[in-house]
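To start, the structure itself, in structure tokens.
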């Protein structure tokens, strides 16, 4: 029995996975703020899905930069600056966990549900934007653990200012926080509110929606043309827009390719797919990584 | 003795490489037009560096899309639409060659000269623009052989029109053919002419130079942020500008990162390096691939 945990800004979700890779138990609870509360949440959901038994292997997906030893850095949404999460969880659970970046873990989980694809990019459309890439079932980290960090690639020098100091970054166009700031109206789900208002004819909302679509389109386009992944899986909160987002993204990808036999041959629209609904991909990927033969290391 | 050949639009260059990976002989001649002339050129340079002996292994880097069996497609600069190059060369040389895309072969060759780097992108700045990526000494092709095909990623929706139908593609900004077309003055080396004229105060040249710099800057930026290669190696004809190109690119990368601790931490300027001058990287990479344990296959 392997257990995987996905620690998000709002919820901590655990799954138990049997030897065939099937999810056989699932538990979630709100994520607390700060290192101790994060660990307490992990320990609680692990205990719930393990049914009192000590897990054979434990994997945890968490935001931020992750060292090979399981030290988490810059997980600002969790109130963590630098924290030895692996050691703290071992103390609480009795098993040394494998720690992976949450988006990369989700890429591994999504890839396991899309076995025809040799390489998958999981494009996390959340408050920020980043992609995780899995190749042959394993996360691909790159030279410095930054592979897939496409949020701060500028695709429009005249685009909206980004918090990183550039203009027209993918995250400035399509990141949930950036959209909410530009929309500046109270809403539980600002991006959904923007799409609804755009449908109702609001011109600002229409402009913001167009930016979301072109940001996501640019992300998918460059992930395929640079990393040539088989599939770009749309995930994260913004992806709950479903076909309201995917359809215009696919249309834009087809339009961008229409003048080029080469680009058309890449079948860009068909390579953008939703997250498989059958399992929580972040926790599943963490569980699969915990059971993988080789420990995760930083590096290419 | 392994032999590698780099078939370029203007010249065909062969090297002989000893068991230690050192280049021990080199030969070049102009590339002919069309399949037969291309094969004749390959046979001639191979015979010259082999000194009459049959090579133990032969690798060939050639533009275009390459099938696992060595069929070359869309090598328009060579007058080749679809051609079984591997079979034709075997008939002429007596050895079945390994065929690889020329830019990917150059990435392998450059990586062999930069052994501290686990992953290298060779950014070919020629009439068109594409990158080849090598990881752990082997080419990385991607799902459909398109990894590194960054020329037609748009980074400015208001930028110059590209032959692919989009606007503001990296190739439209910085590709040699696009620059020559926009400059529209007779010149043996149009991009050098543009840089010279920009130095002399010509406003059109200054605008074109700025576009070249931002195209190359965008290419390096997105190669690091997407594939997280250790190094981006500038190669191809436009790279003969040397520090006149690298210095402003590095300055622009530093400026783009200056507002973000994350981007600054990536050391983007230091990761853009010239092609090592010690050996012709395309032919060297082809030779190394010919001697690699596993045959090259298409796929991730």
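Residue numbers (this note's numbering), protein chains in the order written: chain A, 133 to 432; chain B, 133 to 432.
Glycine included, every Cβ here is placed at the ideal spot set by N, Cα and C.
Treat the numbers as computed from the prediction; the structure is a model and nothing was measured.
Within the continuous beta strand (DSSP E) that includes residue i, where are the two ends?
i                      : result
residue 144 of chain B : 143-149
residue 206 of chain A : 203-207
residue 136 of chain A : 134-139
Residues in its own chain within less than 7 Å of residue i by CB, not counting five upstream and five downstream?
i                      : result
residue 172 of chain A : 164
residue 303 of chain B : 260, 261, 283, 284, 294, 310
residue 427 of chain A : In this prediction, residue 427 of chain A has a pLDDT of 43, which is less than 50 and means its spatial position is unreliable; what the coordinates show is noted afterwards. These residues qualify, in order along the chain: 230.
residue 327 of chain B : 341, 373, 376
residue 410 of chain A : 245
residue 381 of chain B : 345, 348, 349, 352, 404
residue 279 of chain B : 265, 272, 273
residue 363 of chain A : 246, 249, 252, 403, 405
residue 152 of chain A : none
residue 356 of chain B : 364, 398, 400, 403
residue 307 of chain B : 259, 260, 261, 283
residue 314 of chain A : 292, 340
Using DSSP with H/G/I as helix, E/B as strand and the rest coil, what is residue i?
i                      : result
residue 397 of chain B : helix
residue 266 of chain B : strand
residue 157 of chain A : strand
residue 408 of chain A : coil
residue 380 of chain B : helix
residue 299 of chain B : strand
residue 165 of chain A : coil
residue 390 of chain A : coil
residue 418 of chain B : helix
residue 285 of chain B : coil
residue 152 of chain B : coil
residue 402 of chain A : helix
residue 385 of chain A : helix
residue 279 of chain A : coil
residue 304 of chain A : helix
residue 373 of chain B : helix
residue 245 of chain B : helix
Give the DSSP bridge partners of residue i, in chain order.
i                      : result
residue 367 of chain B : B:256
residue 251 of chain B : B:267
residue 293 of chain A : A:299
residue 272 of chain A : A:265
Can you find the residues in the same chain that come closer than 6 Å, C-beta to C-beta, to residue i, ignoring five residues on each side of it along the sequence?
i                      : result
residue 236 of chain B : 264, 271
residue 196 of chain A : 204, 205, 206, 207
residue 257 of chain A : 368, 370, 371
residue 215 of chain B : 167, 204
residue 292 of chain B : 304
residue 281 of chain A : 262
residue 120 of chain A : Past the edges of chain A, shown from 133 to 432, lies residue 120 of chain A, and the structure says nothing about it.
residue 298 of chain B : 286
residue 190 of chain A : 135, 227, 229, 422
Looking only at its chain, what residues have a beta carbon closer than 8 Å to the beta carbon of residue i, apart from the 5 residues adjacent to it on each side?
i                      : result
residue 268 of chain A : 250, 251
residue 317 of chain A : 325
residue 385 of chain B : 349, 352, 353, 400, 401, 404
residue 300 of chain A : 286, 287, 288, 289, 290, 291, 292, 294
residue 460 of chain A : The question about residue 460 of chain A has no answer, for chain A in this structure spans 133 to 432.
residue 177 of chain B : 137, 144, 145, 146, 159, 160, 161
residue 390 of chain B : 396
residue 360 of chain A : 251
What first and last residue would you give for the alpha helix (DSSP H) that runs through residue i?
i                      : result
residue 325 of chain A : 322-331
residue 335 of chain B : 335-359
residue 310 of chain B : 308-315
Heavy atom of the ligand COA less than 7 Å from the Cβ of residue i, yes or no?
i                      : result
residue 247 of chain B : Because no ligand of any kind appears in the structure shown, any question about the ligand COA cannot be addressed here.
When the cut-off is 8 Å and only beta carbons count, does residue i lie next to chain C?
i                      : result
residue 279 of chain B : No chain C is part of this structure, whose protein chains are labelled A and B.
- Query: Can you list, in chain order, the stretches of the alpha helix (DSSP H) that have 4 or more residues and sit fully within the region 172-242 of chain B?
  - Reply: 217-225
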